[in-house]
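Before any comments, here is the structure.
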Amino acid sequence: MAISCDPLNVVICGVGGQGNILISGLIGNALMKTGYHVTIGETFGASQRGGAVFSTLRISTKRRYGPLIPQGKAHLILGLEPLETLRMLQQYGNPGVVCVANTHPILTIGALSEKEEYPDSSELKKAIVKLSRLAWFVDATGIASKLGATIVVNIIMVGALIGSDQIALKKEDVENEMWNTFPHGKMKLNLRALEMGINNIKL
Amino acid sequence: MRDIVGQRAGTSALLLGNEAIARGALEAGVDFCAAYPGTPSSEIIGTLATVAKNIGIHVEWSVNEKVAVEVAASAAFSGLRGLVAMKNAGASVAMDFLTHLNLTGIGDEGGALLVVVCDDPQAHSSDDEADTRWITKIASAPLLEPTDAQEAKDLTRWAFDLSEKLKCWCFLRSYTRLSHAHGDVKLGKILRPEKKAVFNTSKHYIPFPTTSKHAILHEKMLKVQEVFESSPFNSYTGPEQPEVLIICSGSGWTCSLEAVETLDLSESVGVLRLVTLWPFPSKFVAKYLKLTTRVLVAEEVDPFIEAHVRETATSYSNTVLPLEIYGKDSGHMNPVGEITPDRIIYALAEILKLQYQSRETSYEQAVQDTAKPLVINRGMLWCPGCPHRASFLSLKKAIKRDGRKVVVIGDIGCYTLDVFPYGPHQSNIVHCMGSGAGSACGFGQLAPLGSGQPPIGICGDSTFFHASIPALINAVYNKSSMTLLVLDNGATGMTGFQPHPGTGRTATQDPAPVVSIENLCRAIGCRVEVGDPFDIKGTTATLCKLLKDENGPKVLILRRKCELVRMKEERTRPYRVWVDPEKCVGEKCGFCYREFQCPALFHDKETDKVQILEEVCPGCGVCVDICPYKAIVKEDIK
Chain A
0 MAISCDPLNV VICGVGGQGN ILISGLIGNA LMKTGYHVTI GETFGASQRG GAVFSTLRIS
60 TKRRYGPLIP QGKAHLILGL EPLETLRMLQ QYGNPGVVCV ANTHPILTIG ALSEKEEYPD
120 SSELKKAIVK LSRLAWFVDA TGIASKLGAT IVVNIIMVGA LIGSDQIALK KEDVENEMWN
180 TFPHGKMKLN LRALEMGINN IKL
Chain B
0 MRDIVGQRAG TSALLLGNEA IARGALEAGV DFCAAYPGTP SSEIIGTLAT VAKNIGIHVE
60 WSVNEKVAVE VAASAAFSGL RGLVAMKNAG ASVAMDFLTH LNLTGIGDEG GALLVVVCDD
120 PQAHSSDDEA DTRWITKIAS APLLEPTDAQ EAKDLTRWAF DLSEKLKCWC FLRSYTRLSH
180 AHGDVKLGKI LRPEKKAVFN TSKHYIPFPT TSKHAILHEK MLKVQEVFES SPFNSYTGPE
240 QPEVLIICSG SGWTCSLEAV ETLDLSESVG VLRLVTLWPF PSKFVAKYLK LTTRVLVAEE
300 VDPFIEAHVR ETATSYSNTV LPLEIYGKDS GHMNPVGEIT PDRIIYALAE ILKLQYQSRE
360 TSYEQAVQDT AKPLVINRGM LWCPGCPHRA SFLSLKKAIK RDGRKVVVIG DIGCYTLDVF
420 PYGPHQSNIV HCMGSGAGSA CGFGQLAPLG SGQPPIGICG DSTFFHASIP ALINAVYNKS
480 SMTLLVLDNG ATGMTGFQPH PGTGRTATQD PAPVVSIENL CRAIGCRVEV GDPFDIKGTT
540 ATLCKLLKDE NGPKVLILRR KCELVRMKEE RTRPYRVWVD PEKCVGEKCG FCYREFQCPA
600 LFHDKETDKV QILEEVCPGC GVCVDICPYK AIVKEDIK
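What follows is the structure, encoded as structure tokens:
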């Protein structure tokens with residue numbers, strides 16, 4: 000499958016600790032091995048402390064693009080958390096953008112200490128739908144809890160991305176990268192998570 | 000860390016910029032690598048440490064950046080290839096040695112020394128955005144700046160050859176958007192070290208007589224300039240006679256190409272990419288200045304290239320037409336923050352009087368109406384289970400109990416989160432590594448000058464070794480009445496848990512002697528107390544006692560392992576923690592979720608009771624002691 004735009008600009012966002020950088024690597028490696036130039040931008044260092052984290056992927060057949068996506072130029076946003084998905088739409092959204100988003104919120108420290116309000120879930124969802132051409136949602140955290148491991152939310156979301164069929168990303172290629180990344184003892188759980196993501200995505 | 004040696008030469012790998020630099024060093028046959036960790040540079044040495052034994056090279060975490068360059072230079076003096084890496088702030092620490100080094104050169108034994116400095120434009124993980132390119136002039140060292148991961152690898156390999164040929168250290172400047180971006184990189188062959196370290200004792204490398212050595216160094220830099228004038232790393236893309244010529248370096252290169260593409264200007268705008276930045280390749284640049292009358296310089300932070308372009312235009316004024324130079328001075332490029340494609344797009348649009356809008360007005364309006372009212376900031380604070388949260392609570396209590404206006408001087412590490420928007424804001428001053436101790440030492444000497452305010456300096460365990468010890472010795476010697484709070488969490492936490500002299504292991508995971516912070520402090524003459532940060536009552540009492548002792552410097556070491564490290568090692572929670580709804584009074588109290596702010600504590604508004612978020616709680620149990628109503632309960636997990 001060819002990419003729909005060149006460069007294809009993908010944003011993967013979430014909260015520090017959700018494993019956002021890990022899945023950027025899985026997706027990036029899978030695409031690089033299919034022959035694309037891939038650049039991934041990310042900032043980390045202080046990111047595991049619950050802050051907003053996002054990676055930008057630039058996928059191209061032409062050349063190596065820089066890691067930064069210009070304002071308003073994302074084609075696809077993979078959101079591991081709904082507030083972060085909307086934050087990215089604010090910066091990179093446009094009438095053609097497609098979102099694949101986890102519906103489960105992670106409260107901010109300001110909301111937990113009741114210094115401010117975390118936005119209402121249905122309002123968040125409405126805003127994401129309004130600012131996207133297409134928006135898929137999946138309760139990745141709920142599925143992960145059923146699997147007994149909230150840590151696999153990120154893998155479920157990669158599954159959801161594959162399930163959305165919006166990117167030249169093959170399940171087998173991602174699985175290969177997962178074999179290269181995870182201890183083999185953890186693979187059964189992660190393969191199950193990927194499958195659940197593919198099957199549970201809803202428009 | 001990724002395995003950067005497993006893949007065959009000729010294949011491609013998706014490497015972090017820092018991993019690409021590490022791979023380039025291995026392809027150059029590096030022998031000796033040293034660094035003090037600092038974002039965004041840490042993964043260079045971190046990656047090399049994981050392959051050190053396999054390849055047969057020396058890799059160490061040094062106690063600070065100055066020591067790192069000194070030890071690596073010894074390898075170069077002995078004929079080996081040395082690599083040092085640091086963040087921008089670390090370059091200032093290393094500068095004293097680096098300023099001298101090229102006066103003597105790095106020896107005649109065929110060694111090489113590459114110093115990699117990773118700047119942080121936009122200060123993503125720094126408290127300044129210092130542009131270290133200027134040190135190249137102070138220290139007379141050739142300056143190279145790669146544009147992507149592939150070039151970072153290739154340039155690193157080449158820089159070692161250049162250093163060996165010139166017998167001087169070379170400066171490879173990276174930046175966050177290179178160091179922390181992944182790119183596809185075609186790999187070359189790794190060279191395993193073969194040379195034996197031998198120093199020729201009949202030689203003397205001493206910077207005296209300084210002025211004549213300085214003159215020789217200047218001549219050497221002229222030779223480097225000759226090499227740079229024809230370097231294939233510098234290149235031009237664009238029409239023969241560009242209406243506007245963009246001159247750029249670093250991430251300015253991909254941003255410029257993207258701006259030209261976005262505005263569809265490839266017929267009229269050219270991009271000149273500079274990789275060998277200093278000595279400045281003026282002749283090469285002048286060749287392109289002749290082709291145009293309008294130049295936009297696209298670089299990050301300071302107008303370093305811009306100043307040289309202006310100089311070049313003046314020097315070659317007989318052949319170069321009068322130029323309009325756009326950049327920082329003209330206000331077209333921002334002199335602060337990182338470079339982005341948008342900044343260049345808007346600058347070009349302004350110069351060429353084009354209209355550019357990143358998205359439709361109607362969409363922009365929808366963003367304003369729909370997203371803006373909902374999107375709140377996601378502040379950062381300490382992880383659940385972090386010892387620092389408890390330490391700062393004790394600090395706050397002790398200051399309140401003491402009653403005086405205690406001055407608190409923070410430092411660089413996870414405890415800096417104290418001054419972030421949701422932090423407890425106890426630190427009055429925060430500057431650099433070790434200045435918690437240094438500044439406290441100064442405040443502790445102000446009593447004879449009228450001050451009645453006792454100071455508390457803060458540092459971490461790694462910060463203690465890095466730069467706090469001389470300040471503490473100064474405090475003993477000059478009788479400063481200060482208290483130093485050492486928040487010892489057993490790791491260099493903020494940069495990724497690297498070991499240090501207090502941890503008992505080396506960068507390559509070998510056992511090492513433990514340097515005891517308390518023994519060292521006692522040996523120099525400090526009063527020392529050691530406590531557990533989770534003992535809030537005891538810590539508060541000890542701090543109050545130390546604040547009253549005005550007889551020289553006092554040190555309180557609060558020791559408990561970083562929760563992220565502990566969880567990685569032990570893989571289990573010590574306690575099951577829950578809230579007794581009979582005792583919790585909810586928002587009437589609110590101390591735990593409003594003040595203590597552990598992210599595992601959640602106030603359910605419907606029941607007006609606090610709950611423990613199971614998936615977040617690491618089971619440390621400290622909240623049991625902070626609840627004024629004794630409503631939080633813990634139970635051992637067997």
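In order, the protein sequences belong to chains A and B.
Numbering that gives the first Met the number 0 applies: residue 0 is where the first sequence begins, and numbers increase by one.
Numbering that gives the first Met the number 0 applies: residue 0 is where the second sequence begins, and numbers increase by one.
A virtual CB, placed ideally from N, CA and C, is assigned to each residue, including glycine.
Owing to the predicted nature of the structure, the values given are computational and were not obtained by experimental measurement.
Query, Result
"B:V366: contacting residues in chain A (beta-carbon distance under 7 Å)", "Q89, G92, L130"
"Per-residue contacts from B:K371 into chain A (C-beta, under 8 Å)", "Q89"
"Short CB-CB distance (under 8 Å) between A:G49 and chain C", "Protein chains in the displayed structure are A and B, and chain C is not among them."
"Complete runs of the beta strand (DSSP E) confined to the segment 262-311 of chain B [at least 3 residues]", "268-272, 275-277, 293-297"
"Burial state of A:T208, where buried means 16 or more other Cβ atoms lie within 10 Å", "Because residue 208 of chain A is not part of the residues shown, which for chain A are 0 to 202, the question remains open."
"Residues sharing a beta bridge with B:T236, DSSP", "B:V270"
"DSSP-derived helix/strand/coil call for B:T541", "helix"
"Between the CA atoms of B:E163 and A:W178 - distance to the nearest angstrom", "42 Å"
"Span separating the alpha-carbon of B:V529 from that of B:L483", "12 Å"
"Residue interval of the alpha helix (DSSP H) (run including A:A51)", "First-last for A:A51: 51-59, but that is the beta strand (DSSP E), not the alpha helix (DSSP H)."
"Cross-chain neighbours of B:A374 in chain A, by beta carbon under 8 Å", "Correcting the residue identity first, residue 374 of chain B is Val in this sequence and not Ala. Per Cβ cutoff of 8 Å: L82, L85, R86, Q89, P118."
"Neighbour-count burial assignment, B:V197, 16 or more Cβ in a 10 Å radius", "exposed"
"Extent of the continuous alpha helix (DSSP H) to which B:K633 belongs", "Per DSSP, B:K633 belongs to no alpha helix (DSSP H); it is in the beta strand (DSSP E), 631-635."
"Closest by C-alpha distance to B:C254, when choosing among B:E305, B:L295, B:G618", "B:L295"
"Cβ distance (whole Å) where B:S390 is taken to contact B:P532 below 8 Å", "4 Å"
"Stretch-stretch touch, CB-based, cutoff 8 Å, three pairs: the segment 7-15 of chain A with the segment 60-79 of chain A", "yes"
"As assigned by DSSP and simplified to three states, the class of B:Q610", "strand"
"Whole-angstrom distance between B:D624 and B:R388, CA atom to CA atom", "13 Å"
"Per-residue burial, B:G409 [other beta carbons within 10 Å of its own, 16 or more giving buried]", "buried"
"Bounding residues of the alpha helix (DSSP H) (the contiguous stretch that carries A:M156)", "152-163"
"Where B:P447 falls: helix, strand or coil (DSSP)", "helix"
"Cβ of A:Q17 within 8 Å of any chain B Cβ", "no"
"Residue-level contact to chain A via CB, B:T155, 8 Å cutoff", "no"
"Coarse secondary structure for B:P552, derived from DSSP in three states", "coil"
"Nearest to B:R156 (by Cα), restricted to the options B:S230, B:L47, B:D30, B:R22", "B:R22"
"N-terminal and C-terminal residue of the alpha helix (DSSP H) that B:H217 is part of", "209-228"
"Top-ranked residue by Cα proximity to B:R132, from B:Q356, B:E69, B:Q121, B:E144", "B:E144"
"Chain B contact residues for A:L160, given Cβ-Cβ distances below 8 Å", "Those do not exist, as A:L160 stays about 18 Å from chain B at its closest Cβ, beyond 8 Å."
"Neighbourhood of B:V92 by C-beta distance below 6 Å, restricted to the same chain and skipping five residues each side", "N63, E64, K65"
"DSSP-derived helix/strand/coil call for B:S124", "coil"
"Cross-chain neighbours of A:H36 in chain B, by beta carbon under 9 Å", "G182, D183"
"Three-state class that DSSP yields for A:W135 in the structure shown", "strand"
"Cα-Cα separation between A:V137 and A:G158, rounded to whole angstroms", "10 Å"
"Inside the segment 9-42 of chain A only - beta strand (DSSP E) runs reaching at least 3 residues", "36-41"
"Contact with chain B by A:P69, beta-carbon distance below 8 Å", "yes"
"B:E42 versus B:E18 - alpha carbon distance", "7 Å"
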